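According to my numbering, the stretch in the sequence shown is residues 496 to 1252, in order.
Here the structure comes first, spelled out in structure tokens, and everything after it is commentary.
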Amino acid sequence: EILTKKNMQTPSELEKNTFDFARLCLIRKTCCKLQFLVQSYPKVPNCYIFFSGILKRASSFIFMVITFTLPTIHTDYGINFLCSLRVNLDMGKAAYGWMIMKDDNIPGTVVRTSTIPEELGRLVYLLTDKTGTLTQNEMIFKRLHLGTVSYGTDTMDEIQSHIINSYSQSSAPKVRKSVSSRIHEAVKAIALCHNVTPVYESRAGVSGETEYAEVDQDFSDENRTYQASSPDEVALVQWTESVGLTLVNRDLTSMQLKTPDGHILTYYILQIFPFTSESKRMGIIVRDESSGEITFYMKGADVAMSTIVQYNDWLEEECGNMAREGLRTLVVAKKSLTEEQYQDFESRYNQAKLSIHDRNLKVAAVVESLEREMELLCLTGVEDQLQADVRPTLEMLRNAGIKIWMLTGDKLETATCIAKSSHLVSRTQDIHIFRPVTTRGEAHLELNAFRRKHDCALVISGDSLEVCLKYYEHEFVELACQCPAVVCCRCSPTQKAHIVKLLQHHTGKRTCAIGDGGNDVSMIQAADCGIGIEGKEGKQASLAADFSITQFKHIGRLLMVHGRNSYKRSAALGQFVMHRGLIISTMQAVFSSVFYFASVPLYQGFLMVGYATIYTMFPVFSLVLDQDVKPEMALLYPELYKDLTKVGVSSVLRYEQMLKSLVYKTGNSYNHFLKLLMVALTIRTWHWLMVVAEFLSLGCYVASLAFLNEYFDVAFITTVTFLWKVSAITVVSCLPLYIIKYLKRKFSPPSYSKLTS
């Protein structure tokens, strides 16, 4: 369903409002001048006759002022054409949305907001998430590090043999038992500490439909799939299955693991502490059914776990090494609890949950009392590969003049590695890594060091960013906006939205945010244009966004082709609708000034309604199909997009040129033919619907002559004199303007014309 975004004004609407405000200022200025004339000549019996004489001798400036003001003073005309402009633009936006959704090159794209398709044509900043946006969000287990030994993809069979030995009755040397015990504890912790649920697909029933169930199914590997809130969780559980310890069943109170020899181990879930973006970790307390042992398992980011686990000398170094390889790291730890310890914790935990005041703080304090001196088991590394065509898409956006900021919750080293591999940072650019700062003085020194560098990408952590924004917000944003690319790591959802608002406030440029998860919703909604990707983390981002796509590479065509065309088409459509209305209003202004400001309309009845509708509606609206370059050329030369962000195609200068041309054409009383000719000469790429619109409009005008006899002199229309006069007036009105237009294109051509010539 297409919705309307609240409180959103597109660039075309803002420019139109600027023109309206300018006209109101001119109205006030003209009224003051007329009032001054009335007071200056009180003895003149008929001021209107006097003003008419003045107008005949007035300068062109006064005449232009009257031309500006009368379209608004005559409300019958002003309101009519303002409504016509609004209707035409809204219909055009609906057409743009339909074209986007019907584009076979970007399948699955959905337009959820109907008011801002032109917004895609004026973007300067693109803020993107990493996981699931630039990457596939398909996690592959790559590394297991135990502190003294590391296992990669080529040595996973060794882990499998250790797991088999751990559950077999055969004896082994003492050293091997020690290694097997450590591996067994690490794998068991990974297999238990998660929120994954195995789901079994049953055979097709009588109705032919496939049914799913979590219980009452055989625990066979063929029909089992895993469901979880995060792909990382699924990847870890799938890896434990590959090495021999399989999660076969889970409910609210227990989970079951199958060993390599086929035995089922049951663990009762006593407590579970879900992952949050603030805590950056999750935990679970389980009881072994066979032994009765109670164990508290926890896993999370290294920044959250480093203060929880016992002292070690390898965790920080190995986390950095894995992150530099582009791997997502998780630290796994455990703590054995006695029955008395758990009962004491459970009592305090339940009491905290029943608190009325500061419940969350009290619950967190009780859990933190348990998170002390935990035994470090292992460090895991999971790889998330880039999506297809991410590199050329980012290069295209960079060549289009769009500055890209990557906001992610990953480690600094991981984010830097992805920025390099995705070509977010070009090969020739240096990277300035903003060192961690905690005080105002440290932030000041680091900003000074960053200021001395030129044309380098910035990588900064969320904690350092918060300190800089607290003390040096304006200075930091000014320096960051000069960078070709910015990477913010360890960012919370609130920080992502705050960065978007800072860019909007300090630069005034149009921003776009793209993401795929629920933690990106605040950023997407804060941006001028939000794009959601339907990924493996649900549809929260997709439903909250203005546009929904299936892959990141589709954003290139969405911006370079549809965004650019939508903005240029709306600009041309708006100019022609205003031109159409101002021609009639200007003619009325001249008519009124010549005939002593008599309140007599020049055109009335069906002629006035027909001119704004069936006589000119179809050719003007057909401009929504026009394009200056082919889509392939727009993608090949993204620099064309940069031209739109420099100077608006519906600028004040173009508006002034349009007014000059309509004053020149005012003498033509047959503006229907003139409008058709103007549209025909403006179109750059013809479509068969455009030809139909031209002839349909002309046919409607000719057909109306038959039943609007009171408005036309039919006898004169059928004469040769009428034909040559209309032809001569049309040529005189259009030819000089298009000679100037031709010369301008010849000696100062726009960038797109160089590609089509």
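Each residue gets a CB set at the ideal place from its N, CA and C atoms; glycine is no exception.
All figures in this text were calculated on a predicted structure; none of them were measured in a lab.
When the Cα atoms are used, what is the spatial distance from residue i to residue j?
i: Asp756; j: Trp734; result: 17 Å
i: Leu1054; j: Arg819; result: 32 Å
i: Leu740; j: Ala895; result: 51 Å
i: Arg947; j: Ala975; result: 13 Å
i: Glu973; j: Tyr967; result: 10 Å
i: Leu641; j: Glu613; result: 54 Å
i: Leu856; j: His1001; result: 36 Å
i: Tyr762; j: Thr911; result: 40 Å
i: Glu908; j: Gly821; result: 8 Å
i: Ala980; j: Gly1058; result: 22 Å
i: Gln1070; j: Leu1130; result: 27 Å
i: Ile1235; j: Lys965; result: 55 Å
i: Lys848; j: Gln766; result: 13 Å
i: Ala1023; j: Arg617; result: Looking at the sequence provided, one finds Asp at residue 1023 rather than Ala. Whole-angstrom Cα-Cα distance: 10 Å.
i: Arg581; j: Arg1064; result: 14 Å
i: Gln1020; j: Arg893; result: 23 Å
i: Leu742; j: Gln977; result: 51 Å
i: Thr648; j: Ser737; result: 12 Å
i: Leu1238; j: Pro1244; result: 9 Å
i: Lys1125; j: Ser921; result: 28 Å
i: Leu1196; j: Phe516; result: According to the sequence as given, residue 1196 is Tyr; it is not Leu. If you take the alpha carbons of Tyr1196 and Phe516, they lie about 35 Å apart.
i: Asp585; j: Leu615; result: 16 Å
i: Cys1007; j: Cys527; result: 45 Å
i: Thr643; j: Leu731; result: 21 Å
i: Ser801; j: Tyr646; result: 22 Å
Could you work out which residue in the options is closest to residue i when comparing CA atoms only?
i: Leu902; options: Arg985, Ala860, Gly1027; result: Arg985
i: Lys1031; options: Thr630, Ser917, Leu752; result: Thr630
i: Pro1096; options: Ile1109, Met1082, Leu1130; result: Met1082
i: Pro602; options: Leu1120, Lys1241, Glu1029; result: Glu1029
i: Ile1009; options: Ala1039, Pro887, Ala980, Ser1080; result: Ala1039
i: Glu1205; options: Lys830, Tyr1098, Thr1225, Asp585; result: Tyr1098
i: Val729; options: Ile759, Phe770, Asn1014, Ala686; result: Ala686
i: Val1056; options: Ser916, Ala1036, Met891; result: Met891
i: Arg1075; options: Arg1052, Phe1113, Phe1086, Val1089; result: Phe1113
i: Ser831; options: Ile1224, Ile658, Tyr1062, Leu865; result: Leu865
i: Leu1191; options: Thr1108, Lys1125, Val1226; result: Thr1108
i: Gly587; options: Ala1066, Ser1199, Arg1240; result: Ala1066
i: Gly960; options: Phe945, Cys983, His949; result: Going by the sequence as given, residue 960 is Leu instead of Gly. The candidate whose alpha carbon is nearest that of Leu960 is Cys983.
i: Asp1015; options: Lys683, Leu752, Ser1037, Lys1004; result: Ser1037
Confirm, please, whether the CB-CB distance from residue j to residue i is below 8 Å.
i: Cys488; j: Ile764; result: Lying outside 496 to 1252, the shown extent of the chain, residue 488 is not represented and no answer is given.
i: Val861; j: Phe768; result: no
i: Gly1025; j: Asp1011; result: no
i: Thr754; j: Tyr662; result: yes
i: Val781; j: Val804; result: no
i: Ser675; j: Asn660; result: yes
i: Glu878; j: Ile635; result: yes
i: Glu970; j: Leu942; result: yes
i: Lys637; j: Gly787; result: no
i: Ser724; j: Val1072; result: no
i: Tyr695; j: Arg719; result: yes
i: Val932; j: Val962; result: yes
i: Gln722; j: Thr748; result: no
i: Leu940; j: Leu874; result: no
i: Phe1042; j: Arg607; result: yes
i: Ala684; j: Lys829; result: yes
i: Leu872; j: Glu680; result: yes
Please confirm if the region 840-855 is in contact with the region 595-609, defined as three or more CB-CB distances below 8 Å between the two stretches.
Taking 8 Å as the limit for Cβ pairs, the verdict is that the region 595-609 does not touch the region 840-855.
Check whether the region 617-637 touches the region 994-1007, counting contact only when three or more Cβ pairs, one atom from each stretch, lie closer than 8 Å.
Touching, per the Cβ criterion.
Three-pair Cβ contact test at 8 Å for the region 1102-1122 versus the region 1033-1048:
Contact check between the region 1102-1122 and the region 1033-1048: fewer than three CB pairs, one atom from each, fall below 8 Å, which does not count as touching.
Determine, using beta-carbon pairs with one atom in the region 771-780 and one in the region 792-811, whether at least three such pairs fall under 8 Å.
yes
Just list the beta strand (DSSP E) runs in the region 849-889, keeping only unbroken ones of 3 residues or longer that don't cross its boundaries, in chain order.
870-881
Does the pairing of the region 951-964 with the region 918-935 give three or more beta-carbon distances under 8 Å?
yes
Should the region 1125-1136 be called in touch with the region 1205-1221, which here means at least 3 C-beta pairs below 8 Å?
In short, these stretches do not touch, since the Cβ pair count stays below three.
Length at least 3, wholly inside the region 1008-1040: the beta strand (DSSP E) runs in chain order:
1024-1028
Any chance the region 1112-1121 sits against the region 580-591, with 3 or more Cβ pairs inside 8 Å?
Taking a contact to require three or more Cβ pairs closer than 8 Å, the region 1112-1121 and the region 580-591 qualify as touching.
Every unbroken alpha helix (DSSP H) inside the region 762-802 [4 residues or more]:
797-800
Within the region 1176-1234, note down every full alpha helix (DSSP H) run reaching 4 residues or more, in order along the chain.
1183-1202, 1209-1212
3 or more residues per run - each beta strand (DSSP E) lying fully within the region 900-942:
925-928
What beta strand (DSSP E) runs, 3 residues minimum, are completely inside the region 946-984?
951-956, 980-984
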